[in-house]
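Below you'll find the structure, written out as structure tokens, and then a few comments.
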Amino acid sequence: MSPTFTIAIDGPAGAGKGTLARRLADHYRLNLLDTGLTYRAVAHALLRLGLPLDNVSAAETAARQVDLARLDRSVLSAHAVGEAASKVAVIPSVRRILVEKQREFAKAPPGAVLDGRDIGTVVCPDADIK
């Protein structure tokens, strides 16, 4: 493998992306990112602060503050957070901010396995393996 190696796994919810991504990341000792959690983190921040989900400025600020190393699946997997995430995920500026963070994550040594709905087409179109 090169100094950084990227595996992109995309597909619909419930397709087994997460399980495959975890196994590949463990096997190849790569960083792992479930990109859906990044949108959930933005939604969670807005919910926690009692801010409207359509507040673009607040959503952008929350997106910029997402720490990819501290995404807590147990907190972010709540149903209400998932519902809210679908609302913030349609904000174009939030998507741009998070996609840039996801791309930077993919470039960090030794490489990464990313899973999500548009990883191979939008986030990492030049991934080593899709």
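For the record, in the sequence shown the residue sitting at position 21 is 1008 according to the working numbering, with numbers rising by one throughout. Cβ coordinates follow ideal geometry from the N, Cα and C atoms, glycine included.
Residue i classed as buried or exposed, judged by whether at least 16 other C-beta atoms fall within 10 angstroms
i	result
A1056	exposed
D1102	buried
D1041	exposed
H1014	exposed
G1001	exposed
R1027	buried
V1110	buried
Neighbourhood of residue i by C-beta, 7 Å cutoff - its chain only, sequence neighbours within 5 removed
i	result
L1020	L1055, Q1089, F1092, A1099 and L1101
Residue range of the alpha helix (DSSP H) that includes residue i
i	result
V1068	H1066 to V1075
A1095	Counting along the chain, A1095 falls outside any alpha helix (DSSP H), and DSSP gives it neither H nor E.
Own chain partners of residue i with C-beta closer than 8 Å, once the 5 adjacent residues on each side are dropped
i	result
R1082	A1076
Q1052	A1032
Among the options, nearest to residue i - alpha-carbon criterion
i	options	result
T1048	H1066, L1063, L1085 and S1061	L1085
A1067	P1096, A995 and R1035	R1035
G1023	R1104, T991 and L1007	R1104
A1046	S1064, D1059 and T1025	T1025
Sequence-distant residues of the same chain with beta carbon closer than 6 Å to residue i, five excluded per side
i	result
G998	K1004
Secondary structure, alpha helix (DSSP H): runs of 4+ residues fully inside the region 998-1065: 1004-1015, 1023-1036, 1043-1052 and 1060-1063
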